[in-house]
Every structure is written in C-alpha cells, then in structure tokens.
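Chains S and H are the protein sequences, given in the same order. Under the numbering used here, think of the first position of the first sequence as 1121, with each following residue one higher. Under the numbering used here, think of the first position of the second sequence as 793, with each following residue one higher. Just so it is clear, CB atoms sit at the ideal spot from N, CA and C, and this is done for glycine as well. Since this is a predicted model, take the numbers as computed values, not measurements.
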Amino acid sequence: MYSIARIAVFAVVLVGGGCAHQINITPPLNTLDAGGVAKIDKVVGYYISSADRSKEVESPGGGGDKVKYLPYRESEPALKHVLSNLFSKVVEIPSLDDKGFISSNNVAYVFVPVIATDSASDSAFTWPPTRFTVTVDCRAVDPAGATVWQTKVTGQGNAEFSEFRHDMSLSARRASRNAFLRLQQEISAAKELR
Amino acid sequence: MLNRRPMRAWGTIIALAALLAGCGGDTYLVKEVPYAAPRPPGPQDTVIYVFREQGDFAAARKLAIIDNDTIVAVLTPGTFSHFTVPSGEHEIVGYFSPSPVMHYRVTPASGKTVYLLCRVGYTSGMFMEVMQEAQAKTLMSQFKYTEIGVKGGKANMNYKDYYDRLYK
Chain S
1121 MYSIARIAVF AVVLVGGGCA HQINITPPLN TLDAGGVAKI DKVVGYYISS ADRSKEVESP
1181 GGGGDKVKYL PYRESEPALK HVLSNLFSKV VEIPSLDDKG FISSNNVAYV FVPVIATDSA
1241 SDSAFTWPPT RFTVTVDCRA VDPAGATVWQ TKVTGQGNAE FSEFRHDMSL SARRASRNAF
1301 LRLQQEISAA KELR
Chain H
793 MLNRRPMRAW GTIIALAALL AGCGGDTYLV KEVPYAAPRP PGPQDTVIYV FREQGDFAAA
853 RKLAIIDNDT IVAVLTPGTF SHFTVPSGEH EIVGYFSPSP VMHYRVTPAS GKTVYLLCRV
913 GYTSGMFMEV MQEAQAKTLM SQFKYTEIGV KGGKANMNYK DYYDRLYK
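See below:
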C-alpha cells in the first residue's frame, strides 16, 4: 500500500509539477463585432516585428504551473480584424522604414502595438489561469513616421473550471477580446485618424 | 472564492480519462484510407482540413471533430481529415467523450481552404489553431488520412450556440 502511495505521489509530481502549458490567446474573430461602426475610407497598415512575432511569454497558471503563449503572433488576427472593421483596407507592413511600400499602397497610418499580459489562478489543482489581463499600447504613425495618435487599453478575462474545461485558453481569449474591442472603440473615436 | 472540491474531482476525472482510458468503440467506423485531394472549393464553399498532432498524451482517445452539430471526422494522433461546407460560420469542435475540449470558429471564407491543427498535449496545449498551407502540406506527407464510415451523425447539441454563449 505504501509503495502504491509513493508511486502515485511521484506520478503526480512528474506529470503536474511546475510545467508550462501552451495556450492560445487569439479570441474567436466572430466575437470582434464591428458594432455598426461606419468604415473610414482609408488604407491603413500594422507593423509587428519578426522578433515580436516569435516572442513567447510565460505567466502564472494554477497549481504552481505556468502557461506559455505567443502574444504578438496570436494577437495579430484580432488586430487585423478590428482594423478591417474600421478601415476600407488593411495591409501588413514589412518594415516601418519601407517608405516605398507605405507610399505605393497609399497607407495613411501604420498601427504599432506593444502588448503586455499577465495571469493568475485561484485553483491549486488545475493549471489554466482563472484570470488573465491583456494590455495593448498602440500608436499610429503617419507615412513620415511621426506618431499622430496613441492609446493604451486593457482587457480582463475570467474563467471558472466549469467553463475552461471546454476551452483551456478561455480567460486569455476573453481578455484579448475585451482589449481589442476597447482598442476598436478608441480608434473609432479618434478624430486624428479620420 | 471557487469551491475547489468539485474542481479537484473533475480534474481527477479528466486526467484519468485522458491518460488511461481507451476508446469505447468505433461508433463512426473510422478508417485510414489513401489520401486524395478534394475538389477545390466552389465559390460558395469552404474546404476545412483538420489535423491532430502526434503525441502520447491521450493517444488512446479518439478525437471526434464536430462541425456545429454534426460529426465530420474522428482523429487519432498523427492523422488528418477534410470536409467541405457551405461558406459561413462553422464552430469546429474537438470532442473527447463526454465533453468538447477545443474549438475554432471558421468565419465566412468563400472559395477558400482552412487548415486547422488540434494540439493535444500536456505541455503543448489542448486547443485548435489555424495553420498556414505550407505547414499543412508538410503534415499531409507525414500524417495518415482518415475517413468515417458513418456520416452525418449528430452531436448532443449545437456547439456554435454553446461557444457563442461561452463568449457572451
């Protein structure tokens, strides 16, 4: 009996101790509704560096474990989606210094996001985070490279076990959705971008 | 404050189910067959490929793939399948009996092909993500293609509605 208990404890430690679990913070794009906003008739771009796109982040999950994700790569579909909700055309900019690309595509503004995340869990027994925060500090630059607009939005997401057992990334995706919906509202309200 | 007792019980059940349990049967008559590329999607259609990554985690468990409320494929580790749907919103769900464990909402993509990868691992994650075509082509040459013999089987609910409510 003692041996069985030892093996069980060892197995739990081996399987569950201090791991980092991959999650995905991309929100379902159907949840990023345009909300009846009239589109602005401009071509805009966004820029995410290749270093940022491959950047992996770890933050706390439950039970002493961590979660890991790619905040820029996984936020890119949400950023592109909200910009597409607001502007007539959206292009990805290969480099902020590529003035030829920007002018030949008639890009009016380039949006450059800086994304920060954090997470936590109330649970000692399950690893998915029950609380997640996504902060997007986003600036828009004109073709000359001057910053014409900037904002910082935060989205929070919570998820309980009964919910996240059907989507382990749920709190993160809710936080990401909330952050990008707020970003959409801020851009929509910005007179500088009209 | 969350009540941890039911969470602990659920955690134990899921861990045991995922790690130990085999498949209960072959309800949908899944079989490996030689892969043949589907016809390109028509202007009103979307072709959806679904791959399940290789791995030992829950390897004995079959992952049912559900399109809204219809079972369209069953995947074991290192296999893939495809199906064609009318363009529109499709909640693609990965289901380990008795629960859905992952999902991806395919939005209208007329005339396009969408490639989805099901991650099933303790550290590599438990989620579905979209893949680029080049990565999918590589996996096609490494993975086995499966089809189900029983088509049109219904899930116990419409998961499009379910996940809509989850994200309300």
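Which of helix, strand or coil does DSSP assign to residue i?
{"i": "residue 1217 of chain S", "result": "coil"}
{"i": "residue 875 of chain H", "result": "strand"}
{"i": "residue 1286 of chain S", "result": "coil"}
{"i": "residue 1151 of chain S", "result": "helix"}
{"i": "residue 1263 of chain S", "result": "coil"}
{"i": "residue 1197 of chain S", "result": "helix"}
{"i": "residue 938 of chain H", "result": "strand"}
{"i": "residue 1270 of chain S", "result": "strand"}
{"i": "residue 1242 of chain S", "result": "coil"}
{"i": "residue 824 of chain H", "result": "strand"}
{"i": "residue 891 of chain H", "result": "strand"}
{"i": "residue 1191 of chain S", "result": "helix"}
{"i": "residue 1167 of chain S", "result": "coil"}
{"i": "residue 1208 of chain S", "result": "strand"}
Tell me the rounded alpha-carbon separation between residue i and residue j.
{"i": "residue 1163 of chain S", "j": "residue 890 of chain H", "result": "47 Å"}
{"i": "residue 1235 of chain S", "j": "residue 950 of chain H", "result": "35 Å"}
{"i": "residue 813 of chain H", "j": "residue 878 of chain H", "result": "Summary for residue 813 of chain H: the model assigns pLDDT 42, below 50, so the residue's position carries little reliability; its value from the coordinates is reported in the next sentence. Approximately 36 Å between the Cα atoms of the pair."}
{"i": "residue 1276 of chain S", "j": "residue 1295 of chain S", "result": "4 Å"}
{"i": "residue 888 of chain H", "j": "residue 1216 of chain S", "result": "45 Å"}
{"i": "residue 1231 of chain S", "j": "residue 1309 of chain S", "result": "15 Å"}
{"i": "residue 852 of chain H", "j": "residue 912 of chain H", "result": "12 Å"}
{"i": "residue 927 of chain H", "j": "residue 1224 of chain S", "result": "31 Å"}
{"i": "residue 829 of chain H", "j": "residue 1271 of chain S", "result": "47 Å"}
{"i": "residue 860 of chain H", "j": "residue 935 of chain H", "result": "25 Å"}
{"i": "residue 1265 of chain S", "j": "residue 1228 of chain S", "result": "11 Å"}
{"i": "residue 1314 of chain S", "j": "residue 1139 of chain S", "result": "47 Å"}
{"i": "residue 946 of chain H", "j": "residue 1243 of chain S", "result": "35 Å"}
{"i": "residue 1183 of chain S", "j": "residue 1282 of chain S", "result": "17 Å"}
{"i": "residue 962 of chain H", "j": "residue 825 of chain H", "result": "No answer is possible for residue 962 of chain H: the residues shown for chain H start at 793 and end at 960."}
{"i": "residue 955 of chain H", "j": "residue 836 of chain H", "result": "24 Å"}
{"i": "residue 1288 of chain S", "j": "residue 1171 of chain S", "result": "26 Å"}
{"i": "residue 931 of chain H", "j": "residue 1312 of chain S", "result": "46 Å"}
Within its chain, find whatever has a CB closer than 8 Å to the CB of residue i; leave out the 5 residues flanking it on each side and keep chain order.
{"i": "residue 1239 of chain S", "result": "1179, 1180, 1181, 1187, 1249, 1251, 1252, 1253, 1291, 1292"}
{"i": "residue 1197 of chain S", "result": "1146, 1149"}
{"i": "residue 1177 of chain S", "result": "1188, 1189, 1190, 1191, 1237"}
{"i": "residue 941 of chain H", "result": "820, 821, 822, 823"}
{"i": "residue 899 of chain H", "result": "881"}
{"i": "residue 847 of chain H", "result": "869, 912, 913, 916"}
Applying the 10 Å Cβ sphere with the 16-neighbour rule, what's the burial state of residue i?
{"i": "residue 834 of chain H", "result": "exposed"}
{"i": "residue 1285 of chain S", "result": "buried"}
{"i": "residue 1131 of chain S", "result": "Legend: pLDDT at residue 1131 of chain S = 46, less than 50; position of this residue unreliable, value from coordinates given subsequently. It is exposed - the Cβ of residue 1131 of chain S has fewer than 16 other Cβ atoms within 10 Å."}
{"i": "residue 1153 of chain S", "result": "exposed"}
{"i": "residue 906 of chain H", "result": "buried"}
{"i": "residue 1226 of chain S", "result": "exposed"}
{"i": "residue 871 of chain H", "result": "buried"}
{"i": "residue 892 of chain H", "result": "buried"}
{"i": "residue 1260 of chain S", "result": "buried"}
{"i": "residue 854 of chain H", "result": "buried"}
{"i": "residue 1298 of chain S", "result": "buried"}
{"i": "residue 844 of chain H", "result": "buried"}
{"i": "residue 869 of chain H", "result": "buried"}
{"i": "residue 1202 of chain S", "result": "buried"}
{"i": "residue 842 of chain H", "result": "buried"}
{"i": "residue 924 of chain H", "result": "exposed"}
{"i": "residue 948 of chain H", "result": "exposed"}
Among the residues of its own chain, which have a CB less than 7 Å from the CB of residue i, if the five just before and after it don't count?
{"i": "residue 760 of chain H", "result": "With chain H represented from 793 up to 960, any question about residue 760 of chain H goes unanswered, as that position is not in the structure."}
{"i": "residue 1167 of chain S", "result": "1213, 1216, 1230, 1232"}
{"i": "residue 1159 of chain S", "result": "1206, 1207, 1208"}
{"i": "residue 1302 of chain S", "result": "1273, 1275"}
{"i": "residue 918 of chain H", "result": "893, 894, 911, 912"}
Within the same chain, show all residues whose beta-carbon is closer than 6 Å to that of residue i, passing over the 5 residues directly before and after it, in chain order.
{"i": "residue 896 of chain H", "result": "884, 908, 920"}
{"i": "residue 1255 of chain S", "result": "1236, 1274"}
{"i": "residue 816 of chain H", "result": "With a pLDDT of only 42 at residue 816 of chain H, under the threshold of 50, the placement of this residue in the model should not be trusted; the figure read from the coordinates follows. Cβ within range, chain order: n/a, list empty."}
{"i": "residue 1267 of chain S", "result": "1259, 1261"}
Would the C-beta of residue i count as close to the ligand FMN, meaning under 7 Å from any of its heavy atoms?
{"i": "residue 1175 of chain S", "result": "Among the components modelled here there is no ligand, and therefore nothing to report on the ligand FMN."}
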